[in-house]
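Protein chains in written order, with our numbering: chain A, 145 to 550; chain B, 145 to 550; chain C, 145 to 550; chain D, 145 to 550. The next block holds one structure in the form of structure tokens; read it before the comments.
There are 4 protein chains.
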Amino acid sequence: MNFEQNTKSQAYLIKLKEFMNAHVYPLESEILKTNQQLNETSDWHQWQVPHQIEELKVKAKEAGLWNLFLPDKDLAEGLTCLEYAPLAEETGRFMFAPEIFNCNAPDTGNMEVLYHFGNKQQKDQWLTPLLAGDIRSVFAMTEPDVASSDATNMEATIETSGSNLILNGKKWWTTGLGHPNVKIAIFMGLSNPENDKHNQHSMVLVPLDTKGVKIKRMLSAYGDFDAPYGHGEIEFNDVIVPKENLIMGLGKGFAIAQGRLGPGRIHHCMRAIGAAERSLELMIKRGLSRVAFGKPIIKLGGNLERVAKARMAIEQARLLTLHAAWKIDTLGVKAAMTEISSIKVVVPNMLQEVTDIAIQMFGGAGVGSDYPIASFNQMGRILRLADGPDEVHMGMVSRLELAKYK
Amino acid sequence: MNFEQNTKSQAYLIKLKEFMNAHVYPLESEILKTNQQLNETSDWHQWQVPHQIEELKVKAKEAGLWNLFLPDKDLAEGLTCLEYAPLAEETGRFMFAPEIFNCNAPDTGNMEVLYHFGNKQQKDQWLTPLLAGDIRSVFAMTEPDVASSDATNMEATIETSGSNLILNGKKWWTTGLGHPNVKIAIFMGLSNPENDKHNQHSMVLVPLDTKGVKIKRMLSAYGDFDAPYGHGEIEFNDVIVPKENLIMGLGKGFAIAQGRLGPGRIHHCMRAIGAAERSLELMIKRGLSRVAFGKPIIKLGGNLERVAKARMAIEQARLLTLHAAWKIDTLGVKAAMTEISSIKVVVPNMLQEVTDIAIQMFGGAGVGSDYPIASFNQMGRILRLADGPDEVHMGMVSRLELAKYK
Amino acid sequence: MNFEQNTKSQAYLIKLKEFMNAHVYPLESEILKTNQQLNETSDWHQWQVPHQIEELKVKAKEAGLWNLFLPDKDLAEGLTCLEYAPLAEETGRFMFAPEIFNCNAPDTGNMEVLYHFGNKQQKDQWLTPLLAGDIRSVFAMTEPDVASSDATNMEATIETSGSNLILNGKKWWTTGLGHPNVKIAIFMGLSNPENDKHNQHSMVLVPLDTKGVKIKRMLSAYGDFDAPYGHGEIEFNDVIVPKENLIMGLGKGFAIAQGRLGPGRIHHCMRAIGAAERSLELMIKRGLSRVAFGKPIIKLGGNLERVAKARMAIEQARLLTLHAAWKIDTLGVKAAMTEISSIKVVVPNMLQEVTDIAIQMFGGAGVGSDYPIASFNQMGRILRLADGPDEVHMGMVSRLELAKYK
Amino acid sequence: MNFEQNTKSQAYLIKLKEFMNAHVYPLESEILKTNQQLNETSDWHQWQVPHQIEELKVKAKEAGLWNLFLPDKDLAEGLTCLEYAPLAEETGRFMFAPEIFNCNAPDTGNMEVLYHFGNKQQKDQWLTPLLAGDIRSVFAMTEPDVASSDATNMEATIETSGSNLILNGKKWWTTGLGHPNVKIAIFMGLSNPENDKHNQHSMVLVPLDTKGVKIKRMLSAYGDFDAPYGHGEIEFNDVIVPKENLIMGLGKGFAIAQGRLGPGRIHHCMRAIGAAERSLELMIKRGLSRVAFGKPIIKLGGNLERVAKARMAIEQARLLTLHAAWKIDTLGVKAAMTEISSIKVVVPNMLQEVTDIAIQMFGGAGVGSDYPIASFNQMGRILRLADGPDEVHMGMVSRLELAKYK
């Protein structure tokens with residue numbers, strides 16, 4: 145047992161931190177301000193990406209800090225899930241950082257789907273520009289009219305008609321839909337109701353400019369549209385795409401989703417840990433610099449205990465996630481289901497709690513936009529729902545636990 | 145001991161509920177939609193109040209459901225704090241309802257200040273139009289540059305110059321500043337640094353169109369500007385007002401603040417309880433209507449336990465608040481400090497927790513704007529900071545507890 | 145709405161407090177010491193009640209502080225549930241106090257059963273000596289071999305044979321079984337399996353010296369036998385009693401149990417609140433008197449916040465319980481099921497939490513026997529199981545909550 | 145980074161598990177019963193160790209499963225802290241197991257003190273028989289009259305008088321004092337008040353049969369004396385020992401205590417994790433085997449969520465502890481202070497919580513003595529106090545956290 149990252153991972157982390165220090169943090173508040181100016185409307189048609197992001201993307205690519213998430217030596221840096229984990233954490237410290245390194249959700253997950261399950265043509269057409277950071281993508285799974293926590297509830301349909309597929313249905317909380325560069329959706333729907341329940345759905349590539357695709361509205365979370373990314377509601381009305389757009393095969397939707405799961409969970413959990421670390425750091429600095437009742441506020445009442453609780457919670461969450469990453473790398477996703485489900489519950493709850501503490505230490509500034517803490521808090525809250533609510537993942541953990549006794 | 149409200153309070157509650165059912169709930173989603181259309185910009189200069197609100201205000205006044213919060217028989221209905229409490233709860237069920245009955249914060253608190261501590265001229269000039277619902281007001285206390293949890297930190301200054309007062313300083317999280325009808329601020333500042341620390345500050349009436357008053361920006365909370373109300377940042381640069389604008393006298397700021405405290409806490413806590421009840425109601429209806437894994441989701445996993453926990457938490461919070469109201473009415477604010485501080489901690493935390501549960505039951509819809517739950521959650525969170533953070537109020541409770549043993 | 149107890153209740157409380165101050169508290173540590181000396185063995189045959197208890201019983205009877213729990217004007221003081229509540233709280237401050245006033249569980253519940261449902265002969269034979277404090281009783285319900293949280297699981301049987309009833313079965317966690325004066329059990333068993341599931345069981349009076357009744361062992365809780373009271377395991381092997389010992393009628397077991405419920409819950413919850421108040425008091429005194437790191441320990445870290453949390457939790461639990469008592473008095477047990485189930489969950493959890501905080505403040509002394517806090521903590525923990533676990537009562541609360549929407 | 149234990153540790157774990165399965169678990173209930181029969185009195189003079197323990201000690205020694213905790217290749221197996229960790233976990237699954245392998249507290253810590261800081265004569269006289277399992281030892285540190293959470297409060301004194309040391313003072317919660325084989329105490333007291341506060345205390349070896357040593361009483365925790373081990377109160381009245389009994393030197397008390405800390409924390413935390421695993425296992429088996437309301441109780445309400453929460457909490461606590469062990473092994477105790485303090489807080493709280501859940505699933509049986517869960521729960525609770533309360537260790541964590549920003 146050895147808790148030290150290997151030299152490869154360490155080297156990338158050093159390089160990434162240098163990049164963040166040199167190029168990203170100094171621009172942080174400027175980017176946020178630019179973003180606020182550009183995107184104050186809820187009309188997503190007008191949303192723009194702050195120009196600094198595109199400039200930093202070029203720099204990141206030059207620095208060899210590009211597509212770090214992809215475990216391929218030719219297309220990327222060939223980092224394992226475990227090697228990439230601390231890098232994901234680092235990018236989680238600033239909301240806009242992942243895109244700079246082409247490592248942002250949901251594109252990473254979508255690229256993985258194409259990488260592992262796409263055919264050559266699909267890769268050429270969509271994976272290549274995604275890896276280049278030229279376009280963005282969405283994953284259309286959750287539906288407004290059914291309890292999507294049970295994915296088998298999905299009602300959107302995929303019908304075969306000659307050499308085409310006809311798609312119908314409503315999707316929402318489709319993340320990234322507001323991005324000006326978004327071009328392609330991976331659409332999941334019911335194609336084979338005659339099969340058993342985990343082989344009824346398929347995934348299909350749908351260019352967003354296809355006829356019948358309609359972005360109905362962008363959704364605010366806690367009143368925030370998260371422009372220029374944002375979650376949207378989208379309708380598919382008799383959308384026709386060629387059969388070539390089917391990924392892997394009919395009825396393979398859940399198999400693909402399963403494969404997409406593991407590493408994606410590591411990524412977003414590590415980013416959440418980065419966000420928690422950042423929040424703790426900001427909270428301590430704030431608490432040391434402000435005085436009330438004759439003392440730095442960090443020393444008042446139970447505040448120091450809260451610092452300790454935050455530290456202990458973060459450490460535990462990180463170790464749990466790194467262990468899950470190691471297990472995915474060494475034994476595969478299937479053997480790591482308890483771990484993958486556990487981090488999905490533990491980490492966002494930890495982030496919600498740590499940021500709640502931090503907000504309390506900041507007072508009003510904590511919920512405002514001058515600091516990233518409110519956004520991180522909201523991210524933690526939403527991650528408790530996204531990709532299945534806590535309860536579904538606890539269900540998985542307990543099911544596997546009980547199975548030990550059969 | 146008797147847990148039944150008196151007939152007067154019951155009669156008003158029946159009337160209020162009828163009004164809500166007949167006039168308010170049917171317009172709820174329309175008002176929200178109108179508000180979203182009118183106020184999608186963060187530029188507060190353009191904010192408007194949905195026309196339905198003004199129409200409903202007229203109706204409410206006609207129905208004798210106006211200024212219910214004010215314990216004066218001539219100017220209002222003469223309801224005690226305890227009698228008003230269940231009415232405040234009812235208005236808390238819809239974010240826009242309090243204004244309809246001219247019972248919204250911070251105007252209620254400001255009207256109380258003027259009612260109890262204002263002189264005749266001040267009442268004529270400002271209380272009268274506030275009671276009529278013709279103008280709105282703000283309370284400028286919290287400051288960006290100091291830990292305002294310790295109110296004695298306040299740095300804004302009030303200097304006497306002949307027959308005038310000169311005000312300087314920065315304030316923020318000034319609630320209601322974005323409202324198009326807002327006309328007047330109660331400004332609190334340091335006027336008598338030579339006095340002991342609870343007699344150094346004063347309150348002064350400052351019309352917002354006075355020279356030197358500058359609304360710097362509106363502040364978003366969790367990315368939401370809460371238009372057309374909203375919290376703002378405001379600067380006072382050599383603002384000159386006549387001495388007549390001083391409330392009560394120099395150095396009386398904390399004495400006035402103290403008096404303002406008690407009933408205001410009851411009001412916002414009862415509204416928060418109404419918001420929690422509403423959230424629980426919505427959550428149960430949602431949970432009964434959606435199916436996952438073959439069952440209504442309310443029956444899955446620990447969901448029913450969460451319903452019970454919400455019910456038990458709400459009941460306790462309500463009884464605690466009603467008891468505090470009773471104690472204010474019978475023994476006065478000073479004798480009820482433990483109770484007033486306790487509800488300030490208990491109720492917002494309860495609301496945050498109940499709405500968190502509800503959000504989880506709603507999935508994505510829970511954080512969106514189609515339901516009021518995310519707003520209620522945010523309200524709960526912010527109330528944990530507003531008017532002093534939890535920690536300060538727990539400090540008060542423990543201080544009084546220890547005093548029993550001296 | 146009025147939160148002041150009526151003068152009758154207040155007068156009894158004053159008298160009771162005077163009695164506690166004059167006669168009970170001064171003997172507290174002596175009684176505990178005597179008890180420890182008398183009852184250090186786990187062999188219940190040798191257990192004795194400290195002589196001071198019997199002496200104090202005489203004094204309490206003389207003072208008119210006897211059977212206060214019983215709402216009968218002739219047999220007792222005719223106090224309502226709500227009037228008795230603060231008295232129960234007062235007795236809860238010392239583990240041995242309730243017996244002094246003949247107000248201890250499970251005798252109070254058993255006396256209520258006999259009072260409400262017993263016939264004249266049963267009352268003469270058993271209620272009279274119980275009311276006199278001459279004998280003690282037990283309630284034999286929980287069974288070792290089935291999940292007793294579902295009372296319909298009960299497997300002990302009651303068969304009719306001519307003019308007799310034949311009882312068979314095993315019971316455990318039968319409280320009070322070790323008491324030297326215990327004479328009679330109320331036995332609950334399956335008598336009418338042909339009925340619907342809430343009319344299958346009956347209650348039968350069984351003198352403990354009946355042939356076939358065998359006390360198998362006393363049970364320790366956390367290693368403590370709680371001598372001379374204690375919980376026991378008991379077997380009924382072909383125990384024959386005359387039909388006259390049947391309470392109310394065959395199949396009436398659950399109806400009686402239901403009636404027994406309400407006031408009993410108020411009693412033990414109020415005692416638990418008294419225990420919590422006592423613990424908080426002791427904790428503050430301890431915290432003020434001991435110094436570490438240069439400060440009274442009560443002022444270290446988050447300790448003052450914990451004082452506030454304890455205060456707020458106790459107040460809420462008390463109001464919830466008083467409200468439940470009021471509802472039982474005014475609307476009856478059936479209308480108060482949500483309240484009765486809620487306090488069953490809220491109060492023991494509160495006691496467990498408050499005493500846990502107190503233990504932490506006391507250090508090692510907190511878990512030892514020099515202070516009552518460890519016993520109170522254990523009582524809180526066990527009350528979360530006794531008379532149905534938390535989960536069953538939350539199930540009741542949520543069921544009634546959902547019923548509002550049908 | 146590699147989460148797999150090395151082959152040496154794995155091999156010992158296999159051997160240990162085989163031993164536990166073959167020799168320990170089959171005797172578990174017999175040992176408990178024997179112990180209960182032998183030790184039902186609170187008079188510690190009569191306490192005996194169940195004969196099975198001595199028999200198993202012989203077997204364990206033969207099997208090479210002896211003194212596994214000691215990182216010395218000649219005297220023991222030379223296992224590092226990290227290599228020993230999973231073995232400690234395994235022994236934690238049964239309360240009496242650690243003694244069987246001569247790995248029980250406080251002897252392990254005392255042996256470490258002698259091993260690292262004792263001179264040859266001290267080792268010959270005391271370490272040798274302790275390593276042989278022939279005698280037992282205690283550590284006399286905590287005092288009844290001062291807040292011992294601040295160790296510098298210690299009032300017991302060590303005076304030099306010629307070639308002797310004279311000891312005076314009171315100690316309590318001295319664990320293991322009731323053991324029939326206990327022979328030696330390590331006494332800590334104030335010897336050099338003239339020094340700075342971390343160099344004022346010394347440690348001295350005191351045979352328990354020395355004149356002036358008086359065991360005043362054994363202390364019950366939650367009413368349980370934990371015979372034949374137990375915690376005791378002990379007085380030292382002008383106890384005279386030769387200067388040779390001083391460990392390391394005058395004023396070195398805290399330096400020794402510091403060195404004793406790290407590995408000991410790993411040991412007891414890993415045992416606590418074993419206890420938690422055992423409790424979870426027992427709870428699931430119970431929950432699967434009992435039926436209520438038509439279902440195995442494990443599937444009722446929130447029970448499955450509690451299983452998941454227990455699993456997630458245990459995994460996190462284990463990883464945190466293993467990481468701390470690794471850091472001690474690779475960087476030393478001083479560099480691992482955050483980790484060592486964190487596990488001291490996290491693990492006992494986790495054990496308390498997991499066992500509380502398990503107790504609730506077991507009902508009355510959960511608090512009784514037929515299952516080890518109540519003991520484990522009590523252990524968790526006491527570990528939150530022993531060796532410094534949670535709050536002191538959170539203080540350490542936050543202090544180190546703040547130090548990063550100076």
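In this text, a Cβ means the ideal position worked out from N, Cα and C, and glycines have one as well.
Do residue j and residue i count as a contact pair if the criterion is CB distance below 8 Å?
i: C:Thr286; j: D:Gly438; result: no
i: A:Glu545; j: D:Val451; result: yes
i: A:Thr499; j: A:Ile487; result: no
i: B:Ile441; j: A:Ala291; result: yes
Against chain D, with Cβ distances strictly below 8 Å, would residue i count as a contact?
i: A:Phe213; result: no
i: C:Asn297; result: yes
Applying a beta-carbon distance threshold of less than 8 Å, which residues of chain C neighbour residue i?
i: D:Ile441; result: Ala291 and Ser293
Run through chain D and tell me which residues come within less than 7 Å of residue i, C-beta to C-beta.
i: A:Phe147; result: Met145, His467 and Trp470
i: B:Leu448; result: Gly445
If you run the structure through DSSP and keep just helix, strand and coil, what is residue i?
i: A:Thr296; result: helix
i: A:Ala457; result: helix
i: C:Ser305; result: strand
i: C:Met285; result: coil
i: A:Trp316; result: strand
i: C:Ile391; result: coil
i: B:Lys355; result: coil
If you measure from the beta carbon of residue i to each beta carbon in chain C, is any gap under 8 Å?
i: B:Tyr549; result: yes
i: D:Glu539; result: Note on identity: in this sequence residue 539 of chain D is Gly, with Glu being the wrong assignment. Closer than 8 Å to some Cβ of chain C, the Cβ of D:Gly539 qualifies, so yes.
Is residue i near the ligand HEM, going by C-beta to nearest heavy atom under 7 Å?
i: D:Asn165; result: Because no ligand of any kind appears in the structure shown, any question about the ligand HEM cannot be addressed here.
Could one say the Cβ of residue i lies closer than 8 Å to chain A's Cβ atoms, at least one of them?
i: B:Gly157; result: According to the sequence as given, residue 157 of chain B is Leu; it is not Gly. No, its Cβ sits nowhere closer than 8 Å to a Cβ of chain A.
i: D:Glu421; result: no
Applying a beta-carbon distance threshold of less than 8 Å, which residues of chain D neighbour residue i?
i: A:Gln460; result: Gln460, Ala461, Leu463, Leu464 and Val490
Does any CB atom of chain B fall closer than 8 Å to the CB of residue i?
i: C:Asn183; result: no
i: C:Val168; result: no
Can you pull the chain A residues whose beta carbon is under 9 Å from the beta carbon of residue i, in chain order?
i: B:Gly507; result: Thr286, Ala291, Ser292, Ser293, Trp317, Leu529 and Pro533
Exercise. Does the count of Cβ pairs from the region 366 to 376 of chain A and the region 410 to 425 of chain A closer than 8 Å reach three?
Worked result: no
Exercise. Below 8 Å, can you find three or more Cβ-Cβ pairs linking the region 334 to 346 of chain B to the region 391 to 402 of chain B?
Worked result: yes
For this session: Taking 8 Å as the threshold, find out whether the region 529 to 547 of chain D comes into contact with the region 434 to 449 of chain C through three or more Cβ pairs.
Result: The answer is yes - the region 434 to 449 of chain C touches the region 529 to 547 of chain D, with three or more Cβ pairs under 8 Å.
Exercise. Hey, is the region 402 to 418 of chain A in contact with the region 264 to 276 of chain B, meaning 3+ C-beta pairs nearer than 8 Å?
Worked result: Contact between the region 402 to 418 of chain A and the region 264 to 276 of chain B is not established, with fewer than three Cβ pairs separated by less than 8 Å.
Exercise. Is the number of C-beta pairs between the region 213 to 226 of chain A and the region 153 to 168 of chain A that are closer than 8 Å three or more?
Worked result: Judged by Cβ distances under 8 Å, the region 213 to 226 of chain A makes contact with the region 153 to 168 of chain A, as three or more pairs qualify.
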